[in-house]
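Everything on this sheet refers to the single structure shown next.
Numbering (our numbering), first residue to last: 648 to 1080.
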């Protein structure tokens, strides 16, 4: 090979091998510093479940409902009354000589099981709050998984960006050497320099996005900073989700569907309470009356019965019955939406996971071999700089496409698990790469 038309193979190895070794050290997690703190998805989920403010709200919600239950269990209040008649009149009724003083106790006797209905209504609301807490916890775990996978994908893309920068730096130095030997035009060196700068900018942008993604994940457990260095696990950890029919059967018993059942019981309890309120309560009073004129005393008894309460309560019963009926239709609509979302996620997971494995196992090895041959041909002057850059770009694009497909698959798997209310396999961050 002529020294003025190409680059000696020894020059190529001298430039490329140190960078390849440095890149390998960067990409291998086992070679990283022992002080690195790796966060798994299981640990991120545990922190979020322990510290997320959204779940803390339910503690006070339960306390509120327990207070309402205590109030619902109270018996009707008893009142003490003091009444004076024939006082400060005219004639014989002047002064207090003819006064009639009555002291009495009064209350009501609840009929129709109102106390039991009130307690049942509050108990149903407590059960609904518990169902919503479980659904909220499931939503939180889904959000943790989504943010974890998003940051994990950025972490993988950063490794590709580091590789791209190393390749661009190698290309720039080799092109500069060829230009110095008059084996390539100066414009080729300028293009190589511009490509290196763009690679550095892309790496910087991904680093910033990764830091933002880590902080977004940490905020789910109330942290105001990042206390981990990297995310553990593999993006290419896939599982067979099973048939759609089996998944849909799980949805029918998921916390999301249990909310509708709990709400139906709340509406039924409210309807029972409205009907119970339609029954008349008996008011009673008992007391002692003293007649000042004669100095005598006598007991007093009284009973009061409200009239026409059935018709006055008809509107409340109608409203409660309508609210009860609406739950059924809302459940049907929600079930149809869940089925559509589950089917979409199931199809997309299967397609994306298959594509990710195909890109990793078939496309990348072929493009890696093509790049090796192109590098050797460029070093010997048989291929142009453009051919070498194209081979590098094809391999890097394939790696990015594999990362995108893998992260898309895991995001859809996370949605499937959230809708089904159960984990289908070990999470992508359960074990380190």
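Note that CB positions come from ideal geometry on N, CA and C, so glycine has one too.
CB of residue i within 8 Å of CB of residue j, strictly
| i | j | result |
| --- | --- | --- |
| residue 916 | residue 771 | yes |
| residue 807 | residue 1004 | no |
| residue 877 | residue 802 | yes |
| residue 950 | residue 927 | no |
| residue 1021 | residue 1034 | yes |
| residue 909 | residue 1018 | no |
| residue 1050 | residue 882 | yes |
| residue 826 | residue 833 | yes |
| residue 925 | residue 960 | yes |
| residue 987 | residue 914 | no |
| residue 763 | residue 860 | no |
| residue 891 | residue 981 | no |
| residue 748 | residue 911 | no |
| residue 918 | residue 968 | yes |
| residue 761 | residue 921 | no |
| residue 1013 | residue 1052 | no |
| residue 824 | residue 692 | no |
| residue 1032 | residue 835 | yes |
The alpha helix (DSSP H) enclosing residue i, as first and last residue numbers
| i | result |
| --- | --- |
| residue 972 | 961 to 1005 |
| residue 1016 | 1011 to 1026 |
| residue 943 | Unbroken run through residue 943 is the beta strand (DSSP E), 943 to 951; no alpha helix (DSSP H). |
| residue 887 | Residue 887 -> no alpha helix (DSSP H), and no H or E assigned at all. |
| residue 709 | 700 to 719 |
| residue 1031 | First-last for residue 1031: undefined, no H or E at that position. |
| residue 824 | 761 to 827 |
| residue 864 | 833 to 865 |
Pairwise C-alpha distance: residue j and residue i
| i | j | result |
| --- | --- | --- |
| residue 1061 | residue 765 | 40 Å |
| residue 868 | residue 752 | 56 Å |
| residue 902 | residue 1063 | 13 Å |
| residue 1069 | residue 686 | 22 Å |
| residue 864 | residue 1055 | 18 Å |
| residue 1058 | residue 874 | 24 Å |
| residue 815 | residue 842 | 6 Å |
| residue 706 | residue 700 | 10 Å |
| residue 779 | residue 997 | 30 Å |
| residue 688 | residue 784 | 15 Å |
| residue 1010 | residue 1041 | 10 Å |
| residue 716 | residue 759 | 19 Å |
| residue 850 | residue 810 | 10 Å |
| residue 1066 | residue 985 | 7 Å |
| residue 848 | residue 710 | 53 Å |
| residue 990 | residue 896 | 12 Å |
| residue 871 | residue 698 | 13 Å |
| residue 791 | residue 983 | 26 Å |
| residue 703 | residue 729 | 49 Å |
| residue 854 | residue 800 | 12 Å |
| residue 942 | residue 727 | 23 Å |
| residue 684 | residue 696 | 20 Å |
| residue 708 | residue 889 | 38 Å |
| residue 966 | residue 879 | 54 Å |
| residue 690 | residue 866 | 14 Å |
| residue 973 | residue 786 | 24 Å |
| residue 781 | residue 793 | 18 Å |
| residue 651 | residue 1038 | Here residue 651 scores only 43 on pLDDT, less than 50, and its place in the model is too uncertain to base an answer on. |
When the options are compared against residue i, the one with the closest alpha-carbon
| i | options | result |
| --- | --- | --- |
| residue 830 | 1047, 1057, 1025 | 1025 |
| residue 944 | 721, 759, 704, 746 | 746 |
| residue 821 | 810, 839, 834 | 839 |
| residue 723 | 819, 904, 755, 1027 | 755 |
| residue 804 | 1046, 777, 1067, 1066 | 1046 |
| residue 1048 | 1001, 1027, 1028, 1032 | 1001 |
| residue 638 | 791, 859, 818, 988 | The question about residue 638 has no answer here: the residues shown for the chain are numbered 648 through 1080. |
| residue 894 | 978, 992, 726, 963 | 992 |
| residue 948 | 1031, 886, 704, 932 | 932 |
| residue 734 | 823, 939, 696, 691 | 939 |
| residue 887 | 690, 781, 994, 695 | 994 |
| residue 884 | 1007, 781, 962 | 1007 |
| residue 714 | 731, 727, 732, 773 | 773 |
| residue 767 | 712, 786, 781, 795 | 712 |
| residue 978 | 905, 846, 1029 | 905 |
| residue 731 | 750, 721, 852 | 750 |
| residue 930 | 725, 828, 694 | 725 |
| residue 828 | 946, 721, 1023, 1028 | 1028 |
The beta strand (DSSP E) enclosing residue i, as first and last residue numbers
| i | result |
| --- | --- |
| residue 929 | 929 to 938 |
Beta-bridge pairing of residue i - partner residues as DSSP gives them
| i | result |
| --- | --- |
| residue 750 | 729, 935 |
| residue 898 | According to DSSP, residue 898 bridges with nothing at all. |
| residue 877 | 685 |
| residue 755 | 930 |
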